[in-house]
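Protein chains: 2
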Amino acid sequence: MSRIAYVNGQYVPHSQGSVHIEDRGYQFADGVYEVFAVHGGKLIGEQGHLDRLTHSLGELQIKWPMGKRSLMVVVRQVVQRNHVKNGLVYLQITRGVARRDHPFPAECQSALVITARKMPPLDKAALSKGVGVITIPDIRWQRKDIKSIALLPNCLGKQQARSVGAYEAWMYNEKDEITEGTSANAWIVTKSGELVTRQVGQSILNGITRLAVIEAARASGLAFSERAFSRQEAAEAKEAFVTSSTSHVKAVTRIDGKPVGNGHVGELTANLLDLYVDFIESKGGPVVTNRWN
Amino acid sequence: MSRIAYVNGQYVPHSQGSVHIEDRGYQFADGVYEVFAVHGGKLIGEQGHLDRLTHSLGELQIKWPMGKRSLMVVVRQVVQRNHVKNGLVYLQITRGVARRDHPFPAECQSALVITARKMPPLDKAALSKGVGVITIPDIRWQRKDIKSIALLPNCLGKQQARSVGAYEAWMYNEKDEITEGTSANAWIVTKSGELVTRQVGQSILNGITRLAVIEAARASGLAFSERAFSRQEAAEAKEAFVTSSTSHVKAVTRIDGKPVGNGHVGELTANLLDLYVDFIESKGGPVVTNRWN
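Line by line, the protein sequences give chains E and X.
Just add 44 to wherever you are in the first sequence, counting from 1, and you've got the numbering used here.
Just add 44 to wherever you are in the second sequence, counting from 1, and you've got the numbering used here.
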């Protein structure tokens, strides 16, 4: 069955979905996006994604292409029309089409594209196979809290990881602190057993899965810290993992080619994956969703 | 007469030019561009643009969509079909269409879009009306030598300038040095009379007009320095101007609301505009075009 995309007011075969060459998303990366996980037929973290989208659009002064409720109707339509039980929804909003010129155009109708894709159901066994990450300098712009489509540095970083057989690249700033992965948040369990992920701010994107894991940890009484951690701490960590809407809670067992802890998936990591799955199945996603920078 | 665009192998009415929603340019800003000035029916700085494009594509490992000669045939076709005597050509190359995933796709045909636009002929009188610039923090990524389409921060900066009635925003780094404008290189004549523009490197884009002005200055025996200059030096400058393919040599007479020098267009600036126009009319653009970072 062919995929269906929603493109500026129309449902079209995915292969025919197109936008104008002067869409500012194409010429200027002047737009934002969200990726929703679909798990067992349900959208995960809907409110979180909408809240973060509100933040991104607000910071860039891009107008909503339609009201939030209507938007979610379209999102559900795209899920249904693509028969997605497990997979993801990709939603992109740009400032729209205008004659190429850097300043915001006076009048512009925001562009909206929504696609969906089936993926295998969340598989705890597969997620519990550890992956490797490398560390690379964080060369991105200074507003990582905005989920913009200006993802070129993220692509370069991810490609660098894949070219050496690693799953992801963790980026470090000028203070040698790990900020995050190119498309996932970074977590470690330090050698003293502290569960740590970087605090929100303009240097990371606050992931919806990150928020869900934090709430799941909190609900089960697990201690954790939101603070900066260094490459050195990561190199000496007992456990490590990444979180994202597509990676869920994925164990990291090698950093820069060296084993994390004993080189096997950590106990706390495995525990958090269980807690996360239970949490999203019962709550549908994070409840506290208003801290974006 | 309607504008014609070249889009992935076809000449189409500009209004109908479109690209797929999964073009990596649209989803990831995974592409590069060039803007050629057309002056009196001639392309300016052709070799410079091609050399810089070679650098940008090479750094991103994006394949040429066709050979350089063929590309220039298409560029000239677009100029002709749009009857452009004075104006500009916009050329964009992206990594192409692929299912959304950060790493580079294994197989991908680069996408190519070329458009052209008429503009009023270069008008020395108009260019000699001074404009204002503001200074703002440089929040961009760390590879400004690559002419990528990830221009969101440039758009935000330009918009910030325009919202206070300024023509351009000059960006300063963490050392309080001016790097460049959001779409033009920045130049000053210091209070001691030194003509200065920042040296090339990963913190600026080496403009083709910048190169032409440097050569024109050199040819006429004018001393100049390529070095970092501070916001303070800019604030105390005698003269200031910006260079770009669309701004040519444009006098700056206000920085952050304060007059530059006596508030009138500087002598050296006016002289350089004359030299630049003579230079491109005789040479067609800069000759030395191989220093990109």
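Every residue, glycine too, gets a C-beta built ideally from N, C-alpha and C.
Note that the structure is predicted; figures quoted are calculated from it, not measured.
* Sort out for me which residues DSSP pairs I137(X) with in a bridge. => V76(X), L156(X)
* Once you ignore the five residues that flank E221(X) on each side, which residues in its own chain have a CB closer than 8 Å to its CB? -> R242, A272, F273, S274, R275
* Report the rounded CA-to-CA distance for S326(E) versus N315(E), giving the unit in angstroms. => 17 Å
* Asked: Can you name the residues of chain E whose CB is closer than 7 Å to the CB of A73(X)?
  -> A73, I193, A194, L195, L196
* To do: Assuming Y134(X) contacts Y70(E) (C-beta within less than 8 Å), just tell me the rounded distance between them.
  => Contact flag wrong, Cβ pair sits at about 11 Å.
* Three-way DSSP call (helix, strand, coil) for R143(E) in this model -> coil
* Asked: With 16 as the cutoff for other CB atoms within 10 Å, does K282(E) come out buried or exposed?
  -> buried
* To do: Closer than 8 Å by C-beta to I299(E): which residues in its own chain qualify, once you throw out the five before and the five after it? Chain order, please.
  => G176, V177, I178, T179, W214, A278, A279, A281, A284
* Would you grab the beta carbon distance between A155(E) and V63(E) for me? Rounded to a whole angstrom, and I think it's under 8 Å. => 6 Å
* Asked: Of all Cβ atoms in chain X, is any one closer than 8 Å to the Cβ of A49(E)?
  -> yes
* Asked: Could you give the C-beta distance for V128(X) and I158(X), rounded to a whole number, given that I count them as a contact under 8 Å?
  -> Wrong, their Cβ atoms sit about 12 Å apart, outside the cutoff.
* Asked: Between N229(X) and S269(X), which are expected to be in contact by the criterion C-beta below 8 Å, what is the C-beta distance as a whole number of angstroms?
  -> Not confirmed; about 14 Å, so no contact.
* Asked: From the beta carbon of R187(E), is the nearest beta carbon of chain X less than 8 Å away?
  -> yes
* Asked: For Y134(X), which residues in chain E fall below 7 Å Cβ to Cβ?
  -> R144
* Asked: Going straight from the alpha carbon of Q153(X) to that of L195(X), what length do you get?
  -> 23 Å
* Within the chosen definition, does the stretch 99-113 of chain X reach the stretch 81-88 of chain X through at least 3 CB pairs nearer than 8 Å? -> no
* Asked: Can at least three beta-carbon pairs, one atom from the stretch 48-67 of chain X and one from the stretch 138-147 of chain X, be found at a separation below 8 Å?
  -> yes
* Asked: Since E212(X) sits in a beta bridge, which residues does DSSP pair it with?
  -> V177(X)
* To do: Step through the CB atoms of chain E and report whether any lies within less than 8 Å of the CB of G245(X).
  => no
* Asked: Would V244(E) pass as a contact of N130(E) if the rule is Cβ separation under 8 Å?
  -> no
* Asked: What are the boundary residues of the alpha helix (DSSP H) that I324(X) is part of?
  -> 311-327
* Figure out for me which residue from Q121(E), L104(E), T138(E), V79(E) has the closest Cα to the Cα of A73(X). => T138(E)
* Among the residues of its own chain, which have a CB less than 8 Å from the CB of Q204(X), if the five just before and after it don't count? -> I178, I180, A213
* Asked: What first and last residue would you give for the beta strand (DSSP E) that runs through A150(X)?
  -> Counting along the chain, A150(X) falls outside any beta strand (DSSP E), and DSSP gives it neither H nor E.
* Asked: Along the chain, where does the alpha helix (DSSP H) that runs through T253(X) open and close?
  -> 252-263
* To do: Tell me whether D67(X) sits in a helix, a strand or coil according to DSSP, three-state version.
  => strand
* Asked: Hey, does Y211(E) have any beta-carbon neighbour from chain X nearer than 8 Å?
  -> no
* Below 7 Å between beta carbons is the criterion; list the residues of the stretch 252-272 of chain E that meet it against any residue of chain X, in chain order. => none
* Since R298(X) sits in a beta bridge, which residues does DSSP pair it with? -> G176(X), P303(X)
* Minimum C-alpha distance to E22(E) - residue among A261(E), T226(E), E224(E), N250(E) -> In the structure as shown, chain E begins at 45 and stops at 337. Residue 22(E) is therefore absent and cannot be evaluated.
* Inter-residue spacing [alpha-carbon to alpha-carbon] between V257(E) and K302(E) -> 26 Å
* Which of helix, strand or coil DSSP assigns to G131(E) -> strand
* Asked: When the distance is taken between beta carbons, is V76(E) closer than 8 Å to S192(E)?
  -> yes
* Expressed to the nearest angstrom, what Euclidean distance is found between the alpha-carbon atoms of E218(X) and W185(E)? -> 13 Å
* Asked: Can you check whether the CB of A295(X) is closer than 8 Å to the CB of S114(X)?
  -> no
* Closest to Q246(E) by CA distance: which of E103(E), H93(E), G307(E) is it? -> E103(E)
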